[in-house]
Amino acid sequence: MNNNSQTAPAGAGAQRIATAFDLYRRGELDRAREIFSEYMHDPALGTDARRGLAVIAWQRRQPDSAIQLLMEAVRLAPDHSDARADLALTLMMAGRLEESLEHWQRRLELAPKDAAAWHNFGKAFVDLKRYGEAAGAFEQALTLDPNLVGTYMTYARAMQAAGDWSKAEDVWRRALKVPAAEQAGYIGLTGLLFKRGRLDEALEAYRQGVIRFPESPDLRLGFAQLLEDFADKAGAEREYRKVLALDAGAPMALEGLLTLLRGDALDDDLAAARALLADDQQPPKARANVGFGLGKALDAKGDAAAAMSVWAQANAARREQAGPYDRETGSQYIDRLIEAFSPEFLSQSRLWGVDDPRPVFIVGMPRSGTSLVEQILASHPDAYGYGELPDIPKLAKALPARANSIQRWPEVVASLNPELTQQTAMRYLGALMERKRVSAGRLIDKAPMNYHYVGLILTLFPNAHVIWCRRDPRDIGVSIYGENFGLAQKYATDLSDIGFYIRQYARLMRHWQAHLGERMHVCEYEAMVSDPEQQTRALVSAVGLPWDDQCLRYYEDERPVLTPSRWQVRSPIYKAAVQRWKRYGDALNPLIDALGDELEGYDNG
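At position 395 of the sequence shown (counting the first as 1) the number is 395 in the UniProt record's numbering, and the numbers step up by one without a gap.
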């Protein structure tokens, strides 16, 4: 809130109100409240008194009281522009967005050159997902004050949320031309280019950014991570160490460095990570990030027991952030998918989609070999790998609105028809071409969690190629436990939960296999390691491509790889990851017990 009294009338009373605002700013809320209360019924000062009491009420977490006081303030003085701004902002912060718009409009009628008010007006529209109106307000704000750094950021991110990537890029590039906003512009632009798969451009933008702002840890961290994706190990290490020189103990840089170096990590790096992990004053996010990196380094150095101990600490910290996994909800979601994609629906919708053989979807549990399979196929001269794409889940989430249905995903598939199915399929293809227009005969989407959407995928594209990557669940489980996943993967923080989750995944995959099995190709990780050429030939044939020897030399492909397996897939297939689970002994008992009969058919060695 705008806690000043610049619009108050002159005189002793006005001076007292000004004193009260000063007391508020110094944290002396009770004394400030006493003074404001004295002037509640003063005809000239009642509005500012209520503004002061409102800001104290908000500070004391009494939002309803704050709003009521400000409503009274604008009734007393409808043209008091600061009171209007206070009320509009307070309504926004309380989530009463539609109501706030009226008061922002009135504030801007009274003070049309208030750039900050135009920014907040735009922010209210963003929160309401009215992105077109938000853009107009942000343009007004930047016309009045081109140095509003926060406006560039909010504006560009809003356009990204709206899917207007071109406009978002334009805003970030405009920010580059404004000294106050230039650094934020580089951070935003590089992030946008990365998300859109324009990795060469992102790399060049990072190079320019770190030249302009060599002491920006954020730019150097992003630069380091992208250099890893481009297989520049020396460059990535250099940038991680520069981040740590700028910000000693920076958790994400330390994690990145340890994950990069693994067995080659220096003793000083390990000591820094251990100290941070043991520091209870560090936030859970920092302890989790560093713990995962430290565990990988210790594991690579051959100390499996220490690695498991550190991963347990990292996962405990991550659970503090994410909360526990809800097994009941997870199981019910699988039930709902199986019911929605019934044999009857799958049969009925078989010919609804777009007859395009180009899409290839690689699915399976995380850490099941999906990156390896993508790298093999993407090395074929007539295939292009897009990496892990979010488009199928986004299209599924958008179906209720597209179908004008009150049903949510997945029940909304009952509202699908041939026309909507084909429209949705074309949106997917359009999203691919927007990222990168290629003439390849096979377009690869390697998003493992698309296993949830196999029924939708083969409804949209009846001639698509679905590759199901399978691997010993124990190796999957321990690999997940030691990986730094996002907050959404709550199951990944507990070995027993991982086992439960794998059982639910397997249940759904059995459903897809029972009813769509002839349209899926199973790729067993262990078989690929045992006989790479035979399995690679079968894989290439399964997606309808002619054989090419380059697929056996996939590790020579210099394409960027954006997954934790980036270094493994740049090496020839090796057997060390098969039956990796044996290294960890009894520590894996919770996982093994939870997997139960899902281990049938796997070698216990």
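Cβ atoms here follow ideal geometry from the backbone N, Cα and C, with glycine treated the same way.
Proximity test, residue i beta-carbon vs the ligand NAP heavy atom, cut-off 7 Å
i, result
"Ala-88", "Looking for the ligand NAP in the displayed structure turns up nothing, as the structure carries no ligands at all."
Assigned exposure category for residue i - 16 Cβ within 10 Å defines buried
i, result
"Asp-268", "exposed"
"Asn-450", "buried"
"residue 618", "No statement about residue 618 is possible, as the shown extent of the chain runs from 1 to 605 and does not include it."
"Met-159", "buried"
"Ile-362", "buried"
"His-452", "buried"
"Ala-8", "With a pLDDT of 42 at Ala-8, under the threshold of 50, the predicted position of this residue should be treated as unreliable, and no value is reported."
"Ile-444", "buried"
"Arg-437", "exposed"
"Trp-512", "buried"
"Met-509", "buried"
"Tyr-574", "exposed"
Alpha-carbon to alpha-carbon, residue j and residue i
i, j, result
"Ala-398", "Arg-238", "43 Å"
"Asp-355", "Thr-459", "10 Å"
"Cys-469", "Gln-375", "13 Å"
"Thr-259", "Ala-297", "7 Å"
"Ser-379", "Phe-230", "15 Å"
"Ala-304", "Asp-586", "12 Å"
"Ala-12", "Ala-286", "52 Å"
"Pro-146", "Gly-122", "15 Å"
"Arg-220", "Val-243", "6 Å"
"Ala-314", "Ala-205", "33 Å"
"Glu-524", "Glu-344", "29 Å"
"Glu-320", "Gly-295", "19 Å"
"Asn-484", "Ala-538", "32 Å"
"Lys-582", "Ile-592", "11 Å"
"Leu-108", "Thr-151", "17 Å"
"Met-71", "Ala-94", "14 Å"
"Ser-81", "Pro-112", "10 Å"
"Gln-6", "Ser-415", "With a pLDDT of only 43 at Gln-6, under 50, the local geometry of the prediction cannot be trusted, and the value read off the model is given with reservation. Going by the C-alpha atoms only, they are around 58 Å apart."
"Arg-408", "Ala-20", "52 Å"
"Tyr-481", "Gly-364", "16 Å"
"Val-310", "Leu-588", "14 Å"
"His-103", "Val-466", "53 Å"
"Ala-383", "Val-413", "30 Å"
"Leu-266", "Arg-241", "12 Å"
"Asp-597", "Ile-502", "11 Å"
"Asn-604", "Val-578", "12 Å"
"Trp-547", "Pro-532", "14 Å"
Check whether residue i and residue j have beta carbons under 8 Å apart
i, j, result
"Glu-255", "Ala-340", "no"
"Arg-106", "Arg-84", "yes"
"residue 638", "Leu-257", "Since the first residue of the chain shown is 1 and the last is 605, residue 638 is not available in this structure."
"Ser-100", "Ala-124", "yes"
"Gly-197", "Gly-387", "yes"
"Ile-17", "Ala-49", "yes"
"Met-528", "Gly-369", "yes"
"Arg-192", "Glu-228", "First, the amino acid is wrong: residue 192 is Leu here, not Arg. Result no, Cβ atoms of Leu-192 and Glu-228 do not sit closer than 8 Å."
"Gln-59", "Leu-29", "yes"
"Trp-172", "Ala-162", "no"
"Ala-115", "Ala-77", "no"
"Gly-249", "Ala-272", "yes"
"Tyr-428", "Leu-395", "yes"
"Pro-473", "Leu-595", "yes"
"Val-126", "Thr-143", "no"
"Lys-490", "Ala-322", "yes"
"Gly-353", "Ala-425", "yes"
"His-119", "Leu-97", "no"
Residues that DSSP places opposite residue i in a beta bridge
i, result
"Ala-383", "Arg-442"
"Glu-524", "Arg-470"
"Gly-364", "Cys-469"
"Pro-283", "DSSP lists no partner for Pro-283."
"Pro-359", "Leu-443"
Proximity to residue i [Cα-Cα], best of the options
i, options, result
"Leu-351", "Met-528, Arg-33 and Leu-456", "Leu-456"
"Ile-498", "Arg-157, His-515, Ser-479 and Trp-512", "Ser-479"
"Asp-280", "Leu-270, Ala-317 and Pro-366", "Ala-317"
"Gly-544", "Met-509, Glu-533, Pro-357 and Tyr-491", "Pro-357"
"Pro-217", "Lys-233, Lys-195 and Gln-183", "Gln-183"
"Pro-324", "Leu-495, Ile-338 and Gln-208", "Leu-495"
"Gln-504", "Glu-328, Gly-188, Ala-14 and Ala-488", "Glu-328"
"Leu-176", "Ser-166, Leu-189, Arg-442 and Lys-167", "Leu-189"
"Leu-337", "Thr-536, Arg-507 and Leu-226", "Arg-507"
"Val-454", "Ser-371, Pro-359 and Ala-73", "Pro-359"
Beta carbon proximity, residue i to chain C, threshold 8 Å
i, result
"Glu-228", "In the structure shown, chain C cannot be found, because there is only a single protein chain."
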